[in-house]
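Report on the structure given below.
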Amino acid sequence: MENQTQSKLNSDASNPLYVQLMQKIKNSISTGELKTGARIAAEQELCSMYGVSRITVRKAISELEKEGILEKKQGKGTFVTVPAIHRKLHAVNSFHDTCRMNGKKPSTRVLVSRSGIAGKQDVDELGVAPGSRIIETVRVHFADRVPVILEENHFSMAYSYLLESDLNGSLYNLLSECGAEPAQATHVISLKNASKQIAGLLKMEENAPVMYLHEVIYDKKGRPLHTSSQYIRGDIFSFRI
Numbered sequence: 005m006e007n008q009t010q011s012k013l014n015s016d017a018s019n020p021l022y023v024q025l026m027q028k029i030k031n032s033i034s035t036g037e038l039k040t041g042a043r044i045a046a047e048q049e050l051c052s053m054y055g056v057s058r059i060t061v062r063k064a065i066s067e068l069e070k071e072g073i074l075e076k077k078q079g080k081g082t083f084v085t086v087p088a089i090h091r092k093l094h095a096v097n098s099f100h101d102t103c104r105m106n107g108k109k110p111s112t113r114v115l116v117s118r119s120g121i122a123g124k125q126d127v128d129e130l131g132v133a134p135g136s137r138i139i140e141t142v143r144v145h146f147a148d149r150v151p152v153i154l155e156e157n158h159f160s161m162a163y164s165y166l167l168e169s170d171l172n173g174s175l176y177n178l179l180s181e182c183g184a185e186p187a188q189a190t191h192v193i194s195l196k197n198a199s200k201q202i203a204g205l206l207k208m209e210e211n212a213p214v215m216y217l218h219e220v221i222y223d224k225k226g227r228p229l230h231t232s233s234q235y236i237r238g239d240i241f242s243f244r245i
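Residue numbers for the sequence shown follow the numbering used here, beginning at 5 and rising by one.
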């Protein structure tokens, strides 16, 4: 936090002291001085740093909790939360577009891009022949450098050009450039426990609950475009139905 001699609040200002303190904390977050997941100073320390009463500190923290900026954890302290990302479930948007609509900077890391053998689910959902080859991609999506989603997509070999493409950007922009546009999807959502591998990639605790979303995405003519299986951090990403 800021140097104490520079942090005293102005009791003569038109803004109440708790509002001034809220802005100080928000500024520390926006400049990166307080990072997502960081524990802020204890109440008494904030009182000393800013020259205010505990009532003022508690009011500021309470308001920031209501705004979803801070979160109190019993016996541990008060922490900077991860701002949530919202997506309308019926909308077929890329992760990159969803991030931008929520004011986040998206990025993607490709883990797997290869051809494989179609399984029964691929036969049922993609309409490919048993034993035929498919395209598999596995990627981790980040919002403001925080891992949010582990995603596995399956395509028929009609989209074999993906194996030679840069998959670090928006997949749907890439598909649209090649004349394939997603139009609708079916969704199945459930809760799972994060395996050691998933927890490591999403920077969460092993066995912690994680949302699991399976989708079949169709093009404008109603033909299967691809399937998507996603493990999603529910503390960051949510759906609106």
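Every residue, glycine too, gets a C-beta built ideally from N, C-alpha and C.
Worksheet item: Which residues in the same chain as residue 156 place their Cβ atom closer than 6 Å to its Cβ, once the five residues preceding and following it in sequence are excluded?
Response: Numbered from 1 along the sequence shown, position 152 holds the residue referred to as residue 156. So the qualifying residues of the chain are 142 and 233.
Discussion item. Quick check on DSSP: helix, strand or coil for residue 109?
Written reply: Here residue 109 is taken as the residue at index 105 of the sequence shown, counted from 1. Residue 109 falls in the coil class under three-state DSSP.
Worksheet item: According to DSSP, what are the bridge partners of residue 76?
Response: Working through the sequence shown from its first residue, we reach residue 76 at position 72. In the DSSP output, where bridge partners are listed per residue, residue 76 has 82.
Discussion item. Assuming the contact rule is C-beta atoms closer than 8 Å, residue 243 and residue 153 should be a hit. Round their C-beta distance to whole Å, please.
Written reply: For the purposes of this step, residue 243 is taken as residue 239 along the sequence shown, with counting starting at 1. For the purposes of this step, residue 153 is taken as residue 149 along the sequence shown, with counting starting at 1. Actually they do not touch by this definition, with Cβ atoms about 12 Å apart.
Worksheet item: Are the Cβ atoms of residue 195 and residue 216 separated by less than 9 Å?
Response: As a working note, residue 195 is residue 191 in the sequence shown. As a working note, residue 216 is residue 212 in the sequence shown. Yes; because the gap between Cβ atoms is below 9 Å, this pair is in contact.
Worksheet item: So what's residue 43 in DSSP terms, helix, strand or just coil?
Response: Against the sequence shown, residue 43 aligns to sequence position 39. Here residue 43 sits in strand by DSSP.
Discussion item. Would residue 105 and residue 67 be called neighbours here (beta carbons separated by less than 9 Å)?
Written reply: Here residue 105 is taken as the residue at index 101 of the sequence shown, counted from 1. Here residue 67 is taken as the residue at index 63 of the sequence shown, counted from 1. In this structure, residue 67 does not lie closer than 9 Å to residue 105 by Cβ.
Discussion item. Cutting at 7 Å between CB atoms, please list the residues of its own chain near residue 92, excluding the five before and the five after it.
Written reply: As a position in the sequence shown, residue 92 is number 88, starting the count at 1. So the list reads 244, once near-sequence residues are dropped.
Worksheet item: Three-state secondary structure (DSSP) at residue 137?
Response: Mapped onto the sequence shown, residue 137 falls at position 133. Three-state result, residue 137: strand.
Item to complete: Run the CB neighbour count on residue 116, radius 10 Å, all protein chains shown included, and call it buried at 16 or more, exposed below.
Response: By 1-based counting over the sequence shown, the position of residue 116 is 112. The residue is exposed, with fewer than 16 neighbouring Cβ atoms inside 10 Å.
Worksheet item: Does DSSP classify residue 6 as helix, strand or coil?
Response: In the sequence shown, counting from the first residue as 1, residue 6 sits at position 2. Interpretation of residue 6 is limited by its pLDDT of 46, a score under 50 that renders its predicted location unreliable; the figure taken from the coordinates is listed afterwards. Residue state, collapsed to three classes: coil.
Discussion item. For a test of the three-state rule: what should DSSP assign to residue 67, helix, strand or coil?
Written reply: Against the sequence shown, residue 67 aligns to sequence position 63. Of the three classes helix, strand and coil, the one that applies to residue 67 here is helix, per DSSP.
Worksheet entry | DSSP three-state assignment for residue 227, whether helix, strand or coil | Working through the sequence shown from its first residue, we reach residue 227 at position 223. The answer is coil: DSSP assigns residue 227 none of H, G, I, E or B.
Item to complete: Starting from the C-beta of residue 200, find all residues in its chain whose C-beta is less than 8 Å away, skip the five residues before and the five after it, and write them out in chain order.
Response: On the sequence shown, position 196 is the one that residue 200 refers to. Result list for residue 200: 210, in chain order.
Worksheet item: Roughly how many angstroms separate the alpha carbons of residue 136 and residue 118, rounded to a whole number?
Response: On the sequence shown, position 132 is the one that residue 136 refers to. On the sequence shown, position 114 is the one that residue 118 refers to. Inter-residue distance for residue 136 and residue 118 is about 14 Å (C-alpha atoms, whole angstroms).
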